[in-house]
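Trainee:
Residue numbers (UniProt numbering): 1 to 340.
1. Can you tell me whether residue 92 is buried or exposed, with buried defined as 16 or more other CB within 10 angstroms of its CB?
2. In angstroms, rounded to a whole number, what distance separates the CA positions of residue 189 and residue 246?
3. Compare the C-alpha of residue 118 against each of 325, 262 and 285 and name the closest.
4. So which of 70, 217 and 86 has the shortest CA-CA distance to residue 98?
5. Check residue 91 in the structure and name its three-state DSSP category.
6. List in chain order: all unbroken alpha helix (DSSP H) runs of 4+ residues lying wholly within the segment 161-214.
7. Judging by CA-CA distance, which residue of 114, 276 and 172 is the nearest neighbour of residue 257?
8. Measuring straight from C-alpha to C-alpha, what distance separates residue 299 and residue 287?
9. What's the C-alpha gap between residue 123 and residue 254?
10. Residue 240 to residue 134, Cα distance in whole Å?
11. How big is the Cα-Cα spacing for residue 313 and residue 209?
12. So, under 8 angstroms CB-CB, residue 281 and residue 110 are touching, yes? Tell me the CB distance rounded to an integer number of Å.
13. Rounding to the nearest angstrom, what Cα-Cα distance links residue 168 and residue 175 in this structure?
14. Using the Cβ count rule (16 or more neighbours within 10 Å means buried), how would you classify residue 54?
15. In the DSSP assignment, the alpha helix (DSSP H) including residue 85 goes from what residue to what residue?
16. To test your reading of the DSSP string, which unbroken alpha helix (DSSP H) runs of 4 or more residues are found completely within the segment 230-292?
17. Using 8 angstroms as the threshold, is the C-beta distance between residue 303 and residue 83 below it?
18. So the candidates are 129, 325 and 80; which of them puts its Cα closest to the Cα of residue 191?
19. Taking its Cβ as the centre, do 16 or more other Cβ atoms sit within 10 Å of residue 341, making it buried, or is it exposed?
20. Along the alpha helix (DSSP H) that carries residue 121, what are the first and last residues, could you check?
21. Any idea if residue 90 is buried or exposed, counting beta-carbon neighbours within 10 angstroms, 16 or more meaning buried?
22. Since residue 151 is in the alpha helix (DSSP H), which residue starts that stretch and which ends it?
23. For residue 108, does the three-state DSSP call read helix, strand or coil?
24. If you run the structure through DSSP and keep just helix, strand and coil, what is residue 70?
25. From residue 340 to residue 177, what does the alpha carbon distance come to, in whole angstroms?
26. Given this structure, state the Cα-to-Cα distance separating residue 136 from residue 196, to the nearest angstrom.
27. For residue 184, which of 125, 100 and 325 has the nearest alpha-carbon?
28. So what's residue 54 in DSSP terms, helix, strand or just coil?
29. Could you check what DSSP says for residue 102 in three-state terms: helix, strand or coil?
30. What do you get for residue 294, buried or exposed, if any count of 16 or more other CB atoms within 10 angstroms of its CB means buried?
31. Using DSSP with H/G/I as helix, E/B as strand and the rest coil, what is residue 320?
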């Protein structure tokens, strides 16, 4: 039987079968498309843009955040506990009552307002001096042709390996002969010469940043008659704002938290920085616990809550500064390549 002799009923049956197969094929196609879309949504096109990868990243970041925030949260909650809460094993994080008097006692014991003013202006001044001098040194190492530049830079790098304590005796003798002891000068003058706390790190940061800037900028300035100093001041330094911010924040925090150098050079009490005041507070707490004395109307026992309140008062200003400068801080790290 040829094609022209196929009965009409058979043709209809074959047509229905074809339509059914086409419909089944469309259903399977839509099902496959939905599965593919779901797979893309979960795993992503390149695995690192799907929900599964993002969820894993969020979990890792949350765990890291908890790890770093745990000391701060512990400090804050402990600073608001009463003495009975400290010895109560049932109270771990949330105090039974907020004891704000711990902060009042810490402020009295730290001589907080006097100490924070002195610590603030010394930290800011030292950071600005260090930022400016290290920027000049970093620019010289990155751009200028100086005989023996590699040797000098190697010497700068070697200062990473020298503990600052090994230089304490000669520096103390020098500052004593100059009459600088019990003054802020030993904390400020080294920054004027690209030294001081972590000065070598800041030189490396600036060198790394200036080395990434195009040389055409200097060539254009040279063609316009600008000398090296004018080129640095008018062109290169304004472009180095991310590096300047990084160096200032690091230097400020390190000077703010430094205890070793202030304890070595400032001993007469005219200048007492917060790190020193913390040690004095702990000594006062121990003495008050032995004698049962009071200070400012608050019983001064050996109280971890007062110590934690004092510690939180000390770290609060750098934390606030970082919160306001966080976006610029991250941008500066990306541009300076400090993570490398």
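Positions of the beta carbon are idealized from the N, C-alpha and C atoms, including for glycine. Only a predicted model underlies this, so the values are computations on that prediction, with no experimental measurement involved.
Mentor: The relevant details are as follows:
1. Within the chain shown, the letter at position 92 stands for residue 92. Flag for residue 92 reads exposed.
2. Taking the chain shown and counting its residues from 1, the one referred to as residue 189 is at position 189. Taking the chain shown and counting its residues from 1, the one referred to as residue 246 is at position 246. Distance between the alpha carbons of residue 189 and residue 246: 21 angstroms.
3. Position 118 of the chain shown, counted from the first residue, corresponds to residue 118. Among 325, 262 and 285, the Cα nearest to that of residue 118 belongs to 262.
4. Counting from one through the chain shown, the residue named residue 98 turns up at place 98. The candidate whose alpha carbon is nearest that of residue 98 is 86.
5. By one-based count along the chain shown, residue 91 stands at place 91. It is coil, neither helix nor strand.
6. Whole alpha helix (DSSP H) segments, 4+ residues: 168-178, 185-192 and 199-212.
7. On the chain shown, position 257 is the one that residue 257 refers to. The shortest C-alpha separation from residue 257 is found at 276.
8. In the chain shown, residue 299 corresponds to position 299, counting from 1. In the chain shown, residue 287 corresponds to position 287, counting from 1. Only weak support exists for where residue 299 lies, its pLDDT of 46 falling under 50; the value from the coordinates is given anyway. Across the structure, residue 299 and residue 287 are spaced so that their CA atoms are roughly 12 angstroms apart.
9. As a working note, residue 123 is residue 123 in the chain shown. As a working note, residue 254 is residue 254 in the chain shown. Using only the alpha carbons, I get a separation of about 8 angstroms.
10. Along the chain shown, read from residue 1 onward, the residue named residue 240 stands at position 240. Along the chain shown, read from residue 1 onward, the residue named residue 134 stands at position 134. Looking at the two C-alpha atoms, the distance is approximately 12 angstroms.
11. By one-based count along the chain shown, residue 313 stands at place 313. By one-based count along the chain shown, residue 209 stands at place 209. The straight-line gap from Cα to Cα measures roughly 35 angstroms.
12. Taking the first residue of the chain shown as 1, we reach residue 281 at position 281. Taking the first residue of the chain shown as 1, we reach residue 110 at position 110. Contact between residue 281 and residue 110 is confirmed by a C-beta separation of about 6 angstroms, below the 8 angstroms threshold.
13. In the chain shown, the residue the question calls residue 168 occupies position 168. In the chain shown, the residue the question calls residue 175 occupies position 175. Counting only the Cα atoms, residue 175 lies some 10 angstroms from residue 168.
14. Indexing the chain shown from 1 puts residue 54 at position 54. Under a 10 Å Cβ-count criterion, residue 54 is classified as exposed, with fewer than 16 other Cβ atoms of the shown protein chains found around its own Cβ.
15. As a first step, residue 85 is located in the chain shown; it is residue number 85 there, counting from the start. Its alpha helix (DSSP H) spans residues 83-86.
16. With a minimum length of 4 residues, the continuous alpha helix (DSSP H) runs that stay inside the segment 230-292 are 241-257, 260-265 and 274-291.
17. Position 303 of the chain shown holds residue 303. Position 83 of the chain shown holds residue 83. Cβ atoms of residue 303 and residue 83: closer than 8 angstroms.
18. On the chain shown, position 191 is the one that residue 191 refers to. Put simply, of 129, 325 and 80 the residue whose alpha carbon is nearest the alpha carbon of residue 191 is 129.
19. The shown model of the chain, from 1 to 340, leaves out residue 341, and the question about it has no answer.
20. As a first step, residue 121 is located in the chain shown; it is residue number 121 there, counting from the start. Counting along the chain, the unbroken alpha helix (DSSP H) around residue 121 starts and ends at 112-143.
21. Here residue 90 refers to the residue found at position 90 when the chain shown is read from its first residue. Burial call: exposed.
22. The residue you call residue 151 lines up with position 151 of the chain shown. For residue 151, the enclosing alpha helix (DSSP H) stretches over residues 149-158.
23. Position 108 of the chain shown, counting from 1, holds the residue named residue 108. Helix at residue 108.
24. Along the chain shown, read from residue 1 onward, the residue named residue 70 stands at position 70. Reduced to three states, the DSSP call for residue 70 is helix.
25. As a working mapping, residue 340 is identified with position 340 in the chain shown. As a working mapping, residue 177 is identified with position 177 in the chain shown. Low confidence applies here, because residue 340 scores a pLDDT of 40, under 50, leaving its location unreliable and the question unanswered by this model.
26. Taking the chain shown and counting its residues from 1, one reaches residue 136 at position 136. Taking the chain shown and counting its residues from 1, one reaches residue 196 at position 196. Going by C-alpha positions, residue 136 is about 15 angstroms away from residue 196.
27. Here residue 184 corresponds to residue number 184 of the chain shown, with the count starting at 1. Nearest C-alpha to residue 184 among 125, 100 and 325: 125.
28. Along the chain shown, one-based indexing puts residue 54 at 54. In the structure shown, residue 54 adopts helical secondary structure according to DSSP, grouped into three states.
29. Taking the first residue of the chain shown as 1, we reach residue 102 at position 102. Helix.
30. By one-based count along the chain shown, residue 294 stands at place 294. With a pLDDT of 47 at residue 294, under the threshold of 50, the predicted position of this residue should be treated as unreliable, though the coordinate-derived value follows. Using a 10 angstroms sphere on the CB of residue 294, the tally of other CB atoms stays under 16, which defines it as exposed.
31. As a working note, residue 320 is residue 320 in the chain shown. Residue 320 falls in the helix class under three-state DSSP.
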